[in-house]
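Residue numbers (the UniProt record's numbering): 1 to 77.
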């Protein structure tokens, strides 16, 4: 019961006296939006796509068969 009354008082703003020096929530939200927009612009420019060169993804590797002469030479040595 005590928890419920404390929670209800907190939502009504009755637990802490209001400070007239506090900025309104709308100002705080605008600062947060501006910061997010700045961070998004920075990450978009930082994460530009650069195609990779040389990878094997999606490509079949070609394995060459050893030539019979080279195999025979190795066996003779």
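Glycine is no exception: its CB is placed at the ideal position from the N, C-alpha and C atoms.
Determine the extent of the alpha helix (DSSP H) in which residue i is found, giving its start and end residues.
i	result
residue 7	2–12
Can you look up residue i in the DSSP assignment and give me helix, strand or coil?
i	result
residue 41	helix
residue 18	coil
residue 30	helix
residue 23	coil
Confirm, please, whether the CB-CB distance from residue j to residue i is below 8 Å.
i	j	result
residue 9	residue 15	yes
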